[in-house]
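From first to last, the protein sequence lines are chains R and H. Numbering follows my numbering, with no gaps: position 83 of the first sequence is 83. Just so we're on the same page, my numbering is the position in the second sequence counted from 1, plus 1000. See structure below.
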Amino acid sequence: MINTNKKIKSILYNYTPLFLLYTSILNDIDFNNLEFKYFSFNFVYILIFYYSLKRDGGIGYVFIFIAGLFNDVVNGIPMGISSLCYLLLCASAAYLRNITLRPSLIKDWIFFLLTILVLNLITFTYLILFFSYEINYFDQTINTTFTFLLYLIFSYLFKIYDNFTSGKFN
Amino acid sequence: METSRDDFVIAIRSAFLRKGNKQRFSLLSLILFSIIFLVLGNYNFKVINLNKTVIKEIIYFSSFIVTLPENTIKKSFNKISNHFIYYDDYQIVKSKLQELKNKDLSKKIIMYENIELKKLIDDYFIEDSQAYAKVLIDKESKFLRSIVINKGSKNGVKVGMTIYDDIYLVGQVVEVNFITSRVLLISDINSKVPITIQPLNIQGIMSGFDKQKGQLQYIKNERLINKDNEELTVVTSGSGGVFKSGIPIGKINSLDILENNKIVVNFYKNFSQLKYVKILSHTKEKIQLDQNNKDTFKEGKEKISQINNQVEDIRLLQQQKIINNKVRIEIEKENTKLKEDLVNIKKKLAEKNKKIRDNKIESKNLEFLTLNLLHGHKCRKTMFRSKLYKIGTDEYRACVLSKGPIKSN
């Protein structure tokens, strides 16, 4: 019985981020486009950054790469752009993990902001220069701001979940 | 300094090149792979396009399957919430139905008239092909508002076909795969629809602005001020041949025009509630020239030439009539003038006749007086000549004029 519980918890610990990643990409409900005019955030960025930072190897680079392709196809944007952004996010999180001796949430938070700003810069530049997309910068600013702000809350929630599934509460 | 640079290089190398516990590829190789994807995506190679199509088909259907539970919950929730508003809806629908029934007849007449007029200017389109499709994915991307439908090149769908919900414009097919297609909604910022604003008949371009709204471009707010405060209707103009003309899109509230800087079009349809859509392509009506039609065409041509001749005759007659009218008016004027002259002449003649008569009387009197001097004594009654005439009597006058009494035989 204890072993079964451990197994379930282990599965939950290992695969919940992956499940969340793919569900949020393939589902119709997208936090990037909620019904509110002045509220949206990029849940996938938070998820990938948090788990790449907290776990060695994160969710799995290949899975993240495929998720990026899925996201591009579902959203109808050029294939590869989201993969590149997600992988760069992983790279920045891995770099931060490597240089950090004493983890601090605030430092992670600020680093996350810098990273998503750079990623947005890459995405917009690519879409505008090569594909002549028109982008609503106001919406994007709101999205980036809330992504940054909500990182704190989600990192706290993910931490609780990880503690629970990894058995640290027991 | 040297040490910190080494640390940085080590951290970067570790981040990019080190494989994790269960990683098969390093981060750098995957990043390079993504860049290759992006670069190849810009080129239109058959092999790449085929691969892209296969990947897209798989992902669309995966997405459709993943969203099934969510859609079921959504549908159930909508059903339940709709049940609560059925009665109110029924009352509204009932009153609207009555209104529509009244409008229906006049609308039909206008529609036929419109078709006839459009045929005259060679702008009448008939439905070339029609198909219905189910909306597979309705994911509102932050870069592209679009939907994926379950009809592709297998079903004859082509890029550029128009997508309707009922009679209202939804969007245009922008990507066709074998069994799926992507539709760019008109609510997307990148969609540019040539429109006409009725009843002011102003042309413009509309792009997407919000989920339920579009924004007019290249039109000044002042031009849209409607004195009657009527609701302005936005329909496709048909310019550029992208969409056929007259497809309803939305409406503009005239009261909002001056309050907002942007001219906002409220769409008739809620694009987030699309379940099935209609795919249509239009072509201009073509007349098949078989023998019957040739005869009909010949007859029609003759009739047209006859009518043209008649029209020419009528035109000449009308011109003649105009000239005749002018001549008649001139004659009437002259006639009036002559009548006036005649009256004047008659007046003068009467005056002269009177003068002549007076002169005659005067000359007679003068003659009488002259003769009276010479022969008055022969006629005047005196004591010794009692048979003669008293002065002033007619007999005396006659006697004077006959130069003495007339001797009887």
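Backbone N, C-alpha and C define an ideal beta-carbon position, used for all residues, glycine too.
In the displayed model, H:R1145 falls within a strand according to three-state DSSP. In its chain, beyond the 5 residues on either side, E1231, L1232, T1233, V1234, V1265, N1266 and Y1268 have a beta carbon closer than 8 Å to the beta carbon of H:K1251. Secondary structure note for H:N1266: its beta strand (DSSP E) is the uninterrupted segment V1264 to F1267. Here the C-alpha atom of R:M79 lies approximately 16 Å from the C-alpha atom of H:V1148. Counting along the chain, R:Q140 sits inside no beta strand (DSSP E); it lies in the alpha helix (DSSP H) bounded by residues Y137 to T165. About 59 Å separates the Cβ atoms of H:I1249 and H:V1327, ruling out a contact at the 8 Å cut-off. In this structure, R:V44 sits near R:I25, with a CB-CB distance shorter than 8 Å. Counting other Cβ atoms within 10 Å of its Cβ, R:G60 reaches 16 or more and is therefore classed as buried. Fewer than three beta-carbon pairs drawn from the region 88-96 of chain R and the region 1057-1070 of chain H are found closer than 8 Å, and the two stretches are therefore not classed as touching. One alpha carbon belongs to H:V1242, the other to H:E1113, and they sit about 24 Å apart. Judged by their CB atoms, H:Y1132 and H:K1278 are nearer to each other than the 8 Å cut-off. R:L127 has a beta carbon lying within less than 8 Å of a beta carbon in chain H.
Taking a Cβ-Cβ threshold of 7 Å, the residues of chain R close to H:K1052 are M79, in chain order.
H:V1054 sits exposed, since fewer than 16 C-beta atoms from the chains shown fall within 10 Å of its C-beta. Take the alpha-carbon of H:N1190 and the one of R:E134: they are about 6 Å apart. Closer than 8 Å to the CB of H:G1041 there is at least one CB belonging to chain R. Separation of the CB atoms of R:L47 and R:L20 is rounded to 6 Å, and the pair is thereby assigned contact status at 8 Å.
Between the region 1371-1385 of chain H and the region 1394-1404 of chain H there are three or more C-beta pairs closer than 8 Å, enough to call the two in contact. Look at R:Y15: its C-beta is not under 8 Å from any C-beta on chain H. The C-beta separation of R:F148 from R:L113 comes to about 5 Å, placing the pair in contact by the 8 Å criterion. When only Cα atoms are considered, R:F146 and R:Y156 end up about 16 Å apart. The contact set of R:F49 on chain H, defined by CB atoms closer than 8 Å, is empty, because the minimum CB distance reaches about 13 Å. Among the CB atoms of chain R, one or more fall inside 8 Å of the CB of H:V1066.
For the 8 Å CB-CB criterion, H:Q1215 and H:I1263 form a contact.
CA-to-CA, the gap between R:K159 and R:T4 works out to about 23 Å. H:Y1168 and H:H1083 have their C-alpha atoms spaced approximately 26 Å apart.
By DSSP's assignment, H:M1206 forms a beta bridge with H:V1193 and H:L1216. Among the residues of the region 1175-1204 of chain H, those with a Cβ less than 7 Å away from any Cβ of chain R are R1182, I1189 and N1190, in the order of the chain. Taking a Cβ-Cβ cut-off of 9 Å, H:I1163 has no neighbours in chain R, whose nearest Cβ is about 15 Å from it. In this structure, the CA atom of H:V1174 is about 15 Å from the CA atom of H:V1135. For R:V62, the enclosing alpha helix (DSSP H) has its first and last residue at Y61 to N75. The shortest C-alpha to C-alpha distance from R:I142 to any of R:D108, R:F39, R:L101 and R:I106 is the one to R:F39. Around the C-beta of H:D1295, fewer than 16 other C-beta atoms lie within 10 Å, and the residue is accordingly described as exposed. Taken in chain order, the whole alpha helix (DSSP H) runs of length 4 or more contained in the region 104-133 of chain R are 105-131.
Among the residues facing chain H, R:Y95 is included, as its CB has a counterpart in that chain under 8 Å away.
In terms of Cα proximity to R:I128, the closest of H:L1117, H:F1143 and H:D1188 is H:F1143.
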